[in-house]
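J.: Residue numbers for the sequence shown, in the UniProt record's numbering: 1 to 201.
The beta carbon of each residue, even a glycine, is placed where N, CA and C say it ideally should be.
Starting off with a structure, shown below.
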Amino acid sequence: MSVAVMEAVSPATPGEDLLLRTWRELDVPDGWRAEIIDPGRISLVAPPSNPHNFIAGRANRALLRTIPDDWDIYQTLGMWITPLCKLFIPDLVVAPHAVLRDTKAPVPAEEIFLAVEITSKDNADTDRKTKLWGYAHGPVPLYLLIDAWDPNGPSVTLYENPRSGRYLHSHTVPFGEKITVPAPFDLELDTSEFPPGEEWD
């Protein structure tokens with residue numbers, strides 16, 4: 001995905017209420033996403049490419065086989081990170097059904113079990129740094145970063161055990177190998193079909 005448009009939002013007090021009200025009222029074009037990544041700004045994120053969607057589909061299918069009946073996987077779920085006043089829409093989110101029934105959008109990040117981001121060439125650093133920092137502050141227990149544009153070679157990294165705004169553990173494998181997603185998933189995610197960034201164009 002790529003950030004195509006940035007629209008300023010007034011930082012008037014109370015800023016959090018204003019941002020959320022503005023976000024809820026936006027008429028976003030089909031396929032686009034609106035996120036609050038930078039302070040006081042709503043970012044419009046363009047629809048993902050076919051390779052991006054392919055990876056999301058494979059990851060979705062693998063995760064779906066491991067979750068309880070009262071959980072699901074979502075691709076357009078807004079997640080509010082209270083300590084940072086940020087709002088992300090991950091490429092994939094695993095959460096219980098009850099969270100969506102009982103909570104007004106966006107969903108509090110602490111209700112999420114797993115967030116998945118798939119990098120695009122022009123926004124990879126956002127997923128590697130800004131969102132990594134944000135999910136750790138959520139705190140989101142597991143963050144899976146699928147990075148087709150990793151300078152060291154396409155890779156998948158799982159971040160675990162958020163404490164005080166950072167993840168204490170991480171594990172990285174190159175595309176082509178399996179990565180373990182721990183309980184409650186207990187999944188060996190096969191990355192052999194994931195296309196590297198050089199094949200996306």
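Could you round the C-beta distance between Leu-63 and His-137 to whole angstroms and report it? I think they count as a contact, below 8 Å.
T.: Actually they are not in contact, since the Cβ atoms of Leu-63 and His-137 sit about 23 Å apart, beyond 8 Å.
J.: With respect to the beta strand (DSSP E) encompassing Phe-54, which residues constitute its N-terminal and C-terminal limits?
T.: Not the beta strand (DSSP E): Phe-54 falls in the alpha helix (DSSP H), residues 50-64.
J.: Nearest CA to the CA of Gly-57: which residue from Leu-44, Thr-66, Ile-67 and Ile-73?
T.: For Gly-57, the closest C-alpha among the options Leu-44, Thr-66, Ile-67 and Ile-73 is that of Ile-73.
J.: Can you tell me whether Ser-120 is buried or exposed? The criterion is at least 16 other CB atoms within 10 Å of its CB, across all chains shown.
T.: buried
J.: For Pro-90 versus Val-107, is the C-beta distance shorter than 7 Å?
T.: no
J.: Please list, in chain order, all residues of the same chain as Pro-51 whose beta carbon is under 6 Å from its beta carbon, the five residues on each side excluded.
T.: Excluding sequence neighbours, Pro-51 sits near Pro-195 and Trp-200.
J.: Compute the Euclidean distance between the alpha carbons of Glu-193 and Arg-61, then round it to the nearest angstrom.
T.: Taking the straight line from one Cα to the other gives about 13 Å.
J.: May I have a chain-ordered list of the beta strand (DSSP E) segments no shorter than 3 residues that lie completely inside the segment 140-185?
T.: The segment 140-185 contains these whole beta strand (DSSP E) runs: 142-147, 155-163, 166-174 and 178-181.
J.: Just how far apart, CA to CA, sit Ile-42 and Asp-190?
T.: 35 Å
J.: Is Lys-104 helix, strand or coil by DSSP?
T.: Lys-104 falls in the coil class under three-state DSSP.
J.: Taking the alpha helix (DSSP H) that Trp-71 falls in, what are its first and last residues?
T.: Segment 71-74 is the beta strand (DSSP E) holding Trp-71; no alpha helix (DSSP H) there.
J.: Pairing CB atoms from the segment 96-106 with CB atoms from the segment 146-155, are three or more of them under 8 Å?
T.: no
J.: Using the three-state DSSP reduction, which class does Trp-133 fall into: helix, strand or coil?
T.: helix
J.: So what does DSSP say about Ser-80, is it helix, strand or coil?
T.: It should be pointed out that residue 80 corresponds to Trp in this sequence rather than to Ser. It is a strand residue.
J.: Can you give me the C-alpha to C-alpha distance between Ser-49 and Asp-122, rounded to a whole angstrom?
T.: The straight-line gap from Cα to Cα measures roughly 12 Å.
J.: Spatial neighbours of Glu-111 within its chain, please: C-beta separation below 8 Å, excluding the five flanking residues on both sides.
T.: Cβ neighbours of Glu-111 within its own chain (closer than 8 Å, five residues either side excluded): Ala-95, Pro-96, Val-99 and Thr-103.
J.: Using the C-alpha atoms, what's the distance from Pro-174 back to Phe-54?
T.: Phe-54 and Pro-174: Cα-Cα distance of roughly 17 Å.
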